[in-house]
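In the working numbering, the protein residues as written are 1311 to 1396.
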């Protein structure tokens, strides 16, 4: 299932390995390395990167949404899927 990560961008929720804030030095280094290696997907629409989504295939997605917002959307999606399965 797709979840919105801001500005008309969506990712497959089943491929998310982690959602982290973008403020720490290790995450900034990870972004720099991903950009250099070509594995960065920039979904910020030119705005400040507020969260980083690590996908199961080791691609990195930069988003301008807060990590809490993305986590909320993912949790709501999981809850709705579980409700429909009951």
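C-beta: ideal position from N, C-alpha, C; glycine also. Here the structure is a predicted model, which is why all the values come from computation and not from measurement.
Next on the checklist: When you measure from the CB of residue 1327 to every non-hydrogen atom of the ligand GTP, does any distance come out below 7 Å?
Outcome noted: As far as ligands go, the structure on display features none, and thus does not contain the ligand GTP.
Next on the checklist: Which residue marks the beginning of the alpha helix (DSSP H) containing residue 1378, and which one marks its end?
Outcome noted: 1377-1395
Checklist entry - Which stretch, first to last residue, makes up the alpha helix (DSSP H) that contains residue 1332? => result Looking at the DSSP string, residue 1332 is not in any alpha helix (DSSP H), and its letter there is neither H nor E.
Checklist entry - Relative to the alpha-carbon of residue 1391, which residue among 1323, 1318 and 1317 has its alpha-carbon at the smallest distance? => result 1323
Next on the checklist: Is it buried or exposed, residue 1347, if we count other Cβ atoms within 10 angstroms and call 16 or more buried?
Outcome noted: exposed
Item to check | CB of residue 1330 within 8 Å of CB of residue 1353, strictly | outcome: no
Checklist entry - What does a CB cutoff of less than 7 Å around residue 1349 pick up in its chain, not counting 5 residues either side in sequence? => result 1368, 1369 and 1370
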